[in-house]
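Worksheet: one structure, shown below.
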Amino acid sequence: MSAATVEPRTALEEEIARRLRDERPRLGPRPGHGPRVRPVVDLEPRAHRLAARGPATTIPRTIGARISVLRAVQEPEEVDDPSAPVLEPDPALDPARIAGTLAHGVVEVLVGRRNAAQLARWVSPGVFDALRARATVSARTLGPRLAGRAPVLRSVRVCPIAPGVVEAAVVVDDGARVRAVALRLEVHRGAWRATVLEVG
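Numbering (the UniProt record's numbering), first residue to last: 1 to 200.
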């Protein structure tokens, strides 16, 4: 074996090594070489920006708080004039048939056989958000259940509450469980729409 010999550096090599050490890329901007910043005039008043953002919301931390938010009574979306006539739905649209079809679709969403977006026009925005959240949780815990038989509608009971408002109780067998679905249908722009939905 032979030992390696190390020769001392020359002055030129020392200078090159010093320059390489000094010119290594460093994190952050180098002094005098930062990006050019040009101030922009804000044309929108601050009060208008704050009003456009709307009220600040917080995300509930516990599952109980989240469930209470989902089950909260939905505020009406628009203020109806009590003296205005109620738009009657098309007589061909039987509320019992709508309730049964909608409950069947809701159970299909919960077992993963249907996308929640397909029911968006038949439910109010609050009901849609709650249904989509429950379907997401159900898919995470149970996984997709495309195998097996499709849900079967067992019975539908409808009770008129007021002009343009009915409540329905529907029983649907999804193959693994028999579920009770309670919903409230209200006339919205001449068609029935679910404004309250509970699935057992």
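Glycine is no exception: its CB is placed at the ideal position from the N, C-alpha and C atoms.
Given a threshold of 16 other Cβ atoms within 10 Å of its Cβ, counted over all protein chains shown, does residue i qualify as buried or as exposed?
i           : result
R21         : exposed
A11         : exposed
G105        : buried
T195        : buried
P125        : exposed
V79         : Reliability fails at V79, whose pLDDT of 46 lies under 50, so the model's placement of it is uncertain and the value that follows must be treated cautiously. V79 should be labelled exposed.
A162        : exposed
residue 228 : Residue numbering for the chain in the displayed model covers 1 to 200; residue 228 lies beyond these limits and cannot be assessed.
A17         : exposed
A117        : exposed
According to the Cβ coordinates, are residue i and residue j closer than 9 Å?
i    : j    : result
R184 : V171 : no
A150 : G112 : no
A180 : V199 : yes
L197 : A139 : no
L110 : A135 : yes
Looking only at C-alpha atoms, which of the options sits nearest to residue i?
i           : options                   : result
residue 268 : D174, G190 and R140       : Because the chain spans 1 through 200 in this model, residue 268 falls outside it and cannot be assessed.
A182        : E167, H188 and W122       : E167
G148        : V158, A135, N115 and R177 : R177
H188        : V158, A135, W122 and L142 : W122
L119        : V137, I98 and A139        : I98
C159        : E14, P95, P8 and R18      : P95
T101        : E7, V152 and R132         : V152
D173        : R114, R193, V107 and E15  : V107
To which residues does DSSP link residue i through a beta bridge?
i    : result
P160 : V166
D173 : V152 and V178
L185 : V166 and A194
V127 : V127 pairs with nothing; no bridge assigned.
V199 : V181
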